[in-house]
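**Student:**
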Amino acid sequence: MAEKKEFKERPNKVLDTIIRTSTARARRQVADWQQGLRAAENVETPKRSQLYNIYNDILIDAHLSAELGKRKNSLLESDFDLFDEDGAPNPEATSEINKAWFTKLLSYAWDARSWGHSLIEITKLDDQGRIADVEIVNRWHVVPEKGLVVKNVGDESGINFRIDPKYSSWLFEVGDKYDLGLLNKCVPHVLYKRFAQGAWSEFTELYGIPPRYVKTDARDNTHLNRLETMLRDMGTSSYGIFDKEEEFEFMDVPTSDGSLFKNLMNASANEVSILINGSVIGGESDGGSRAKEQVGLDVSEKIWKGDKSWMERIINEHWIPKLIELGYPLTGLHFEFNREKNLQEEWKIVDGVLRHYTVDPKYIINTFGIPVIEQKSVSDPAPGPETKAKGSSSFFD
3 MAEKKEFKER
13 PNKVLDTIIR
23 TSTARARRQV
33 ADWQQGLRAA
43 ENVETPKRSQ
53 LYNIYNDILI
63 DAHLSAELGK
73 RKNSLLESDF
83 DLFDEDGAPN
93 PEATSEINKA
103 WFTKLLSYAW
113 DARSWGHSLI
123 EITKLDDQGR
133 IADVEIVNRW
143 HVVPEKGLVV
153 KNVGDESGIN
163 FRIDPKYSSW
173 LFEVGDKYDL
183 GLLNKCVPHV
193 LYKRFAQGAW
203 SEFTELYGIP
213 PRYVKTDARD
223 NTHLNRLETM
233 LRDMGTSSYG
243 IFDKEEEFEF
253 MDVPTSDGSL
263 FKNLMNASAN
273 EVSILINGSV
283 IGGESDGGSR
293 AKEQVGLDVS
303 EKIWKGDKSW
313 MERIINEHWI
323 PKLIELGYPL
333 TGLHFEFNRE
343 KNLQEEWKIV
353 DGVLRHYTVD
363 PKYIINTFGI
373 PVIEQKSVSD
383 PAPGPETKAK
393 GSSSFFD
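Using our numbering, the first residue of the sequence shown is number 3, and each one after it goes up by one.
1) Put R73 into one of helix, strand or coil per three-state DSSP.
2) Would you call T389 buried or exposed, if buried means 16 or more other Cβ atoms sit within 10 Å of its Cβ?
3) Could you name the residues that DSSP lists as bridge partners for H336?
4) Whole angstroms is fine: what's the gap from K350's alpha carbon to L356's?
5) Along the chain, where does the beta strand (DSSP E) containing A42 start, and where does it finish?
6) Roughly how many whole angstroms lie between the Cα atoms of F205 and Y194?
7) So who's on the other strand from K126, going by DSSP bridges?
8) Assuming the contact rule is C-beta atoms closer than 8 Å, S302 and N279 should be a hit. Round their C-beta distance to whole Å, please.
9) Give every residue of the same chain whose Cβ lies closer than 6 Å to the Cβ of D181, excluding the five residues on either side of it in the sequence, and list them in chain order.
10) Relative to the C-alpha of D83, which candidate in T96, I375, E295 and K126 has its C-alpha closest?
11) Give me, in chain order, the residues of the same chain whose beta-carbon lies closer than 6 Å to that of V401; leave out the 5 immediate sequence neighbours on both sides.
12) Going by C-alpha to C-alpha distance, which of K179, P146 and E98 sits closest to F337?
13) So, G149 versus N140, is the Cβ gap smaller than 9 Å?
14) Output the boundary residues of the alpha helix (DSSP H) element that contains E273.
15) Taking DSSP's pairing of strands, which residues face E175 in a bridge?
16) Is the number of C-beta pairs between the region 172-190 and the region 113-128 that are closer than 8 Å three or more?
17) Could you pull out every residue in the same chain whose Cβ sits closer than 8 Å to the Cβ of T125, ignoring the five residues on either side in sequence?
18) Run through DSSP, which three-state label would T389 get?
19) In the DSSP assignment, what residue or residues form a beta bridge with N162?
20) Tell me whether H320 is buried or exposed, calling it buried when 16 or more other Cβ atoms sit within 10 Å of its Cβ.
Below, the structure written as structure tokens:
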């Protein structure tokens with residue numbers, strides 16, 4: 003086992019070695035995403051900054067943000083315990099990590115699902131030398147493919163955080179070094195949705211309020227200016243002044259209710275929902291029914307359970323050994339999220355077992371919350387008046 007370290011202050015921070023810059027925001031197109039993707043996948047000099055700029059930009063989309071939050075919160079809102087080798091929970095050890103910093107650590111770790119990679123640093127210790135806070139290392143300065151943290155965005159050399167002992171003990175790395183995350187697959191759908199929404203806005207501006215126009219044969223500038231002022235002050239719709247001999251016609255549009263744009267927006271949003279949570283649930287689902295919604299929810303729950311299993315493996319294989327190295331008393335323990343049980347189905351099993359065997363009262367109390375006192379001896383009741391009344395011709399036979 004690695005030697006335990008005792009610190010009261012946090013030395014050698016990776017975050018202190020980088021120079022942060024403002025994140026650029028601009029109007030994005032699919033061509034920009036494709037260009038950023040090529041740069042990120044470059045074998046010799048992979049650079050994710052352009053792709054990350056696009057990720058950062060699409061995250062302001064309300065639907066994408068809600069879908070990511072739904073999946074992430076299913077992990078963060080789950081209770082957990084540390085168990086010993088016999089499967090018994092250890093409340094004292096669990097309380098050691100059931101802190102605000104650990105919730106932040108889980109949150110940053112799950113973000114690797116979205117971005118492909120997360121590098122998280124322990125930034126603060128308490129008076130006992132325990133972890134007090136963690137922070138995400140700015141993604142634009144991390145080159146996962148080469149294990150580098152660079153001082154300036156775009157640099158090709160920097161700190162090798164995987165092998166430099168000054169930093170490696172204080173860092174949690176999550177995600178595959180070549181993974182570009184779920185956001186990479188979301189980009190085109192969010193951009194199409196944004197395009198449709200912008201086009202619908204322009205459509206509404208042009209055709210939502212009919213334009214106003216005046217036909218006149220006047221040539222006097224004073225008169226024409228007065229007409230223009232009158233039209234301009236009458237409202238916000240477009241207007242025009244034409245000669246009596248000129249023709250003014252409206253363009254024929256396929257629909258006036260915006261269904262063309264709405265359908266594209268819904269299709270794009272549904273793709274994002276399916277990609278992140280496996281289903282479309284709620285008002286955006288066409289032809290919805292209770293059974294259909296339940297099937298969608300079941301699919302989503304399988305994905306959320308997968309996130310928990312993925313996170314458990316990371317914690318047990320990587321985080322707990324690191325915490326033991328930092329002095330946490332977690333030797334021989336393993337981490338598990340508390341899964342929700344189907345109590346109705348479990349009771350059917352228990353009820354069948356009780357017919358032949360005696361069940362430990364503690365199990366009944368812990369599983370179902372029923373305050374069991376003692377085992378009751380149950381025998382077949384003697385035939386009573388109601389039983390005797392039932393013969394071969396009884397209605398209940």
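We put the beta carbon where it would ideally sit given N, CA and C, even for glycine.
**Tutor:** Checking against the coordinates, here is how it stands:
1) In the structure shown, R73 sits in a helix (DSSP, three-state: H, G or I).
2) Note that T389 has pLDDT 49, beneath the 50 cutoff, so the model's placement of it is unreliable and no number is given.
3) F85
4) Going from the Cα of K350 to the Cα of L356 covers about 10 Å.
5) Per DSSP, A42 belongs to no beta strand (DSSP E); it is in the alpha helix (DSSP H), V32 to A42.
6) 16 Å
7) Note: K126 sits in a beta bridge opposite D135.
8) The beta-carbon distance between S302 and N279, rounded to whole angstroms, is 5 Å. This is short enough to meet the 8 Å contact definition.
9) G118
10) Among T96, I375, E295 and K126, the Cα nearest to that of D83 is on T96.
11) Lying outside 3 to 399, the shown extent of the chain, residue 401 is not represented and no answer is given.
12) E98
13) no
14) S261 to N279
15) L121
16) yes
17) In chain order, R12, K15, L17, D135, V136 and E137 place their CB closer than 8 Å to the CB of T125, counting only its own chain and leaving out the 5 sequence neighbours on each side.
18) With a pLDDT of only 49 at T389, under 50, the local geometry of the prediction cannot be trusted, and the value read off the model is given with reservation. DSSP places T389 in helix when its eight states are reduced to three.
19) L150
20) exposed
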